[in-house]
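Report on the structure given below.
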Amino acid sequence: FTWYAEGGAQRTKVEAGEDDDIDEKQTSYLFSTGAEREWERTRLQAEASRSVDPSGSGFLKTRNAVKINIRHQLRPRWQASLAILAAREDDVDDVTEVNKRDFARALAKLSWQWTPEWFIEAGYRYTYQDYDDTPGDANSNEVLLGVRYRPTRKTWSR
Numbered sequence: 042f043t044w045y046a047e048g049g050a051q052r053t054k055v056e057a058g059e060d061d062d063i064d065e066k067q068t069s070y071l072f073s074t075g076a077e078r079e080w081e082r083t084r085l086q087a088e089a090s091r092s093v094d095p096s097g098s099g100f101l102k103t104r105n106a107v108k109i110n111i112r113h114q115l116r117p118r119w120q121a122s123l124a125i126l127a128a129r130e131d132d133v134d135d136v137t138e139v140n141k142r143d144f145a146r147a148l149a150k151l152s153w154q155w156t157p158e159w160f161i162e163a164g165y166r167y168t169y170q171d172y173d174d175t176p177g178d179a180n181s182n183e184v185l186l187g188v189r190y191r192p193t194r195k196t197w198s199r
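Counting in this note's numbering, the sequence shown runs from 42 upward without gaps.
Here it is, written out as structure tokens:
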């Protein structure tokens with residue numbers, strides 16, 4: 042069992058407007074905490090975080106997110122995985138406005154190990170988002186099929 046926690050502060054300054062008439066300084070608090078547990082054939086990871094990132098409109102946004110990943114070895118060459126993300130994006134301060142939104146994504150995947158380095162994968166991804174200032178919501182459904190190459194690690198000995 043592994044657990045971690047980290048935190049900090051980020052000082053931001055926003056200058057906006059035609060003549061930089063918006064000049065706002067603010068301290069934002071950040072954190073990330075998570076846990077990981079591994080059994081014989083299953084691995085579980087969970088994380089909760091708060092971050093401050095640039096938005097598409099040029100301002101900063103806060104993102105509060107929860108992530109869960111589960112990977113299970115079904116057979117020696119077969120693996121299933123599930124990844125879930127739920128997030129809320131919001132303004133950093135009261136001066137600048139970003140498109141506030143709720144966002145969620147889930148990905149279910151099945152992998153077959155063709156050779157030690159090559160995998161064939163199939164999956165399904167669902168995405169949902171809802172902006173506060175836009176009526177309605179949006180979602181998408183994806184079906185994925187692909188190959189993955191993972192080189193074997195070289196082992197050095199003395």
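C-beta atoms are modelled at their ideal positions from N, C-alpha and C, and glycine is treated no differently.
Limits of the beta strand (DSSP E) - the one that A141 falls within:
Residue 141 is actually Lys in this sequence, not Ala. K141 -> no beta strand (DSSP E), and no H or E assigned at all.
What does the Cβ neighbour count give for E130, buried or exposed, with the cut at 16 atoms within 10 Å?
buried
Return the residue from the list V93, Q114, A89 and D132 that minimises the CA-CA distance to A50.
V93
Hey, A106 and S90: beta-carbon distance below 7 Å or not?
yes
Near A46, what residues of its chain come up, given a Cβ to Cβ distance below 6 Å and the 5 sequence neighbours on each side ignored?
T74
Quick one: is K102 buried, meaning 16 or more other Cβ sit within 10 Å of its Cβ, or exposed?
buried
Could you please give the first and the last residue of the uninterrupted beta strand (DSSP E) stretch that includes T168?
W159 to Y172
Do you know how far the Cα of W119 is from the Cα of A179?
33 Å
Figure out for me which residue from Q154, A128, Q86 and L115 has the closest Cα to the Cα of R142.
A128
Run through the DSSP bridge pairs and tell me what W155 is partnered with.
Partner(s): none; W155 has no beta bridge.
Looking only at its own chain, which residues have a Cβ that is under 7 Å from the Cβ of W159, when we skip the five neighbours before and after it?
V188 and Y190
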